[in-house]
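Under my numbering, the sequence shown has 543 at position 408, and the numbering climbs by one with no breaks.
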Amino acid sequence: MKSKLIIMLSLFFIIPNLILSQDIIGKWSGEINVLNQKLNIVVNFKIENDSLKGKIDIPQQMAFGLDLSNIKTENESVNFELVAGPGNIAFFEGEYFLDDSGNPKIEGKFIQMGIVGTFNLELAKEEAKKQQTPTAQNFTDLDVRIVAGPDTLGGTLSIPNINSKKKFKCVILITGSGPQDRDEDVFGFKIFKELATHLANSGIAVLRCDDRGFGQSTNSLGNKVTTFDFANDVEACIKYLKNHSSIDPKKIGLLGHSEGGIIASIVASRNKDVAFVVLMAGTSIRGDSLLISQLYEITKASGASDEDIQEALRWQKNTLNAIRTDTGWDKLREDMFIMSKKQIDTLPESQKKMFPDSLIYQRIDMLIAQSRNDWMREFIKIDPADYIEKISCPVLALFGQLDTQVPPNTNEIPMRNALNKSKVKYEIKIFDKANHLFQEAQTGSPNEYFMLEKKFVPGFLEYISGWILKI
Numbered sequence: 136m137k138s139k140l141i142i143m144l145s146l147f148f149i150i151p152n153l154i155l156s157q158d159i160i161g162k163w164s165g166e167i168n169v170l171n172q173k174l175n176i177v178v179n180f181k182i183e184n185d186s187l188k189g190k191i192d193i194p195q196q197m198a199f200g201l202d203l204s205n206i207k208t209e210n211e212s213v214n215f216e217l218v219a220g221p222g223n224i225a226f227f228e229g230e231y232f233l234d235d236s237g238n239p240k241i242e243g244k245f246i247q248m249g250i251v252g253t254f255n256l257e258l259a260k261e262e263a264k265k266q267q268t269p270t271a272q273n274f275t276d277l278d279v280r281i282v283a284g285p286d287t288l289g290g291t292l293s294i295p296n297i298n299s300k301k302k303f304k305c306v307i308l309i310t311g312s313g314p315q316d317r318d319e320d321v322f323g324f325k326i327f328k329e330l331a332t333h334l335a336n337s338g339i340a341v342l343r344c345d346d347r348g349f350g351q352s353t354n355s356l357g358n359k360v361t362t363f364d365f366a367n368d369v370e371a372c373i374k375y376l377k378n379h380s381s382i383d384p385k386k387i388g389l390l391g392h393s394e395g396g397i398i399a400s401i402v403a404s405r406n407k408d409v410a411f412v413v414l415m416a417g418t419s420i421r422g423d424s425l426l427i428s429q430l431y432e433i434t435k436a437s438g439a440s441d442e443d444i445q446e447a448l449r450w451q452k453n454t455l456n457a458i459r460t461d462t463g464w465d466k467l468r469e470d471m472f473i474m475s476k477k478q479i480d481t482l483p484e485s486q487k488k489m490f491p492d493s494l495i496y497q498r499i500d501m502l503i504a505q506s507r508n509d510w511m512r513e514f515i516k517i518d519p520a521d522y523i524e525k526i527s528c529p530v531l532a533l534f535g536q537l538d539t540q541v542p543p544n545t546n547e548i549p550m551r552n553a554l555n556k557s558k559v560k561y562e563i564k565i566f567d568k569a570n571h572l573f574q575e576a577q578t579g580s581p582n583e584y585f586m587l588e589k590k591f592v593p594g595f596l597e598y599i600s601g602w603i604l605k606i
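See the structure below:
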C-alpha cells in the first residue's frame, strides 16, 4: 500500500511538469530586448528520447540551429540556457501563460555576461509557409562524391530527363559564407534546392555540394580554410563534370550566392573552362568595405539610433584595423573590457559577483580569437573586382533592392565598372523589394528572413533559367 501511495504522489508531482513540457512543444517566435536593442529569435522545442530538447535561431547574428541546454519546466516556469562560448552562458528565465485571446506565450528575464534584459515568445499559429515546389519533377537526382585533394565533397547532381542521349549544359551552385548544406537552407528556405529544381526542370543540369566540413563533405584543413580553398573545391567540381557522360564539358557554368559570388569570380578568372557566371548578390567591393556597409545597412534597417549606429561602426572599424594589421589587439581588448565593466556596474551587487574580471577577459579573448582566424584575415583583403575584370565568359549579376548584406547602392556601380573592364557580355538586374535571399521583403533586415514566405520574388527563377538557356 505504501509503495502504491509513493507512486501516486510521484505521479501527482510529475504530471504538471509533463503537461507543460507537451504545451511548449513546437515553434515559438519572439525577441530579446537588451540594451535598447531588439533581437528576433525563433525557438523550437521537441521531445527526443523521452527528454525535452530545443534549438534557437538568431537571424540578426546569422546564427541558426543553436542547441539549448538545461531546459526545465516546472508549474508555469520555463527556463533554458544557450552556451555561447566558454564561460559565456545566456540564461532565459520565463513564465508560461495564456493571453486574453488564449494564445500560449512565454515571457521573462534574459541574462548574459552581466547584461540583463527581457525576452518574449509566442507559439506560432501555423507552420512556416511552404516552399514553392513545382508540380512535377522532370529530372533525376544522383548522389555524388567528388575528390577535392585529400577531401571528398558530397553532393547532388540533377540531370534533366528529356532526351537521355543529350549532353546537358550544367551549372555549379556555390553557397555563401558560413557552413552550409547543399540546399543552402536558411530558416527553412532551401534556396539552392529551389534553384536546382527549377533549372533542372528547365533542361539545365545542376550540381550542388555540402560545404567542406559540413554534411557529407570532409575538411582536412580544419579552421585554416579560406575563400581560396572553397575556390579549389569548385575547380574539383568542374573537373568531375568534364568527365561525366551526361554533361557537355564546354557548357559548365557557375552560380555563386553572396561569398559564393566571390568564389565564382576567382574560379572564372583563372579557369577558361567556365562557360558562364551568375553572381547572385555577389559583392564587388573589398571585404572590409563590405562588412562596414553591411553593418550600417543592417543596423539602420533594424531601427537603431544614429548614435548606436556610429558606435557600432567605430567598433567595427577598430576590429577590422586590428585584423588587417595584426596590431592593436591589446588596446582593443582593454576597450572591450572597459565597456563590459560599465555594463556590469549597472547591475545589483548580488549579480556583479557572477562576473569576475577573469570571466570577462575569457569572453573577450574568445571573441578576438574568432576575429583572427584565417578565413577573416583573407576575406577582408579580397577585392572581387580584381577577379571580375579578368573573367572571359558571359556574366549575369543579380541584386536585391532591399539587400542589407550586399547593398546594391555600394556594389552595383563597382560591379558594372569591373565588368566593363572585362569586355565580356553581361547583364545586371536589380529585383524590386528583394532581400539578400531574393525573397520579397519589407526592410531587407536579416531579422525578417524567418517571417517571410519561403519563395523567391516573382520572375527571379525564370530570369536566371532564361539567361542561361540563351547564352
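Beta carbons are placed, not taken as given, at the ideal position from N, Cα and C, and that holds for glycine.
DSSP state of residue i mapped onto helix, strand, coil
i: glycine 289; result: strand
i: histidine 571; result: coil
i: proline 295; result: strand
i: phenylalanine 363; result: helix
i: alanine 271; result: coil
i: threonine 462; result: coil
i: aspartate 443; result: helix
i: glycine 601; result: helix
i: isoleucine 606; result: coil
i: serine 400; result: helix
i: glutamate 228; result: strand
i: cysteine 528; result: coil
i: valine 306; result: strand
i: glycine 594; result: coil
i: aspartate 492; result: helix
i: threonine 353; result: coil
i: glycine 200; result: strand
i: lysine 589; result: coil
i: arginine 507; result: coil
i: proline 384; result: strand
i: glycine 422; result: helix
DSSP bridge partner residues for residue i (one or two, in chain order)
i: histidine 392; result: Met415
i: aspartate 158; result: BP columns for aspartate 158 are empty, so no partner.
i: alanine 283; result: Asp286
i: cysteine 372; result: The partner list for cysteine 372 (beta bridge, DSSP) is empty, contrary to what the question assumes.
i: threonine 253; result: Asn168, Lys244
i: tryptophan 163; result: Val178, Leu258
i: proline 239; result: Leu233
i: alanine 212; result: Note that residue 212 is serine in the sequence shown, not alanine. According to DSSP, serine 212 bridges with Glu209, Glu230.
i: aspartate 320; result: Lys325
i: leucine 467; result: None; leucine 467 has no bridge partner.
i: glutamate 562; result: Leu531
i: isoleucine 515; result: The partner list for isoleucine 515 (beta bridge, DSSP) is empty, contrary to what the question assumes.
Residue i burial status per 10 Å Cβ neighbour count (16 or more: buried)
i: proline 194; result: buried
i: aspartate 235; result: exposed
i: glutamate 442; result: exposed
i: glutamine 505; result: exposed
i: lysine 301; result: exposed
i: glutamate 597; result: exposed
i: glycine 594; result: exposed
i: threonine 481; result: exposed
i: phenylalanine 327; result: buried
i: phenylalanine 591; result: buried
i: valine 412; result: buried
i: asparagine 354; result: buried
i: arginine 317; result: buried
Euclidean distance between Cα positions of residue i and residue j
i: isoleucine 495; j: glutamate 469; result: 11 Å
i: lysine 477; j: leucine 455; result: 23 Å
i: isoleucine 606; j: proline 529; result: 8 Å
i: phenylalanine 585; j: leucine 426; result: 22 Å
i: histidine 379; j: arginine 449; result: 51 Å
i: asparagine 175; j: isoleucine 473; result: 27 Å
i: valine 402; j: phenylalanine 349; result: 21 Å
i: phenylalanine 303; j: alanine 576; result: 35 Å
i: arginine 512; j: glutamate 228; result: 38 Å
i: isoleucine 433; j: proline 239; result: 31 Å
i: serine 186; j: glutamate 319; result: 30 Å
i: asparagine 570; j: leucine 430; result: 15 Å
i: phenylalanine 180; j: lysine 190; result: 7 Å
i: alanine 340; j: valine 306; result: 6 Å
i: threonine 253; j: valine 321; result: 26 Å
i: arginine 551; j: threonine 275; result: 37 Å
Below-7 Å beta-carbon distance, residue i vs any chain C residue
i: lysine 605; result: You won't find chain C in this structure, because it holds only one protein chain.
Touching or not, the region 333-340 and the region 281-296, by the rule of three or more beta carbon pairs under 8 Å?
yes
Below 8 Å, how does it come out for the region 570-588 and the region 539-548: are there three or more Cβ pairs, yes or no?
yes
Counting Cβ pairs closer than 8 Å, one from the region 387-398 and one from the region 416-423, do we hit at least three?
yes
Segment contact, 8 Å Cβ cut-off, at least three pairs: the region 380-388 with the region 352-367
no
Report yes or no: do the region 455-467 and the region 554-570 share at least 3 C-beta pairs separated by less than 8 Å?
no
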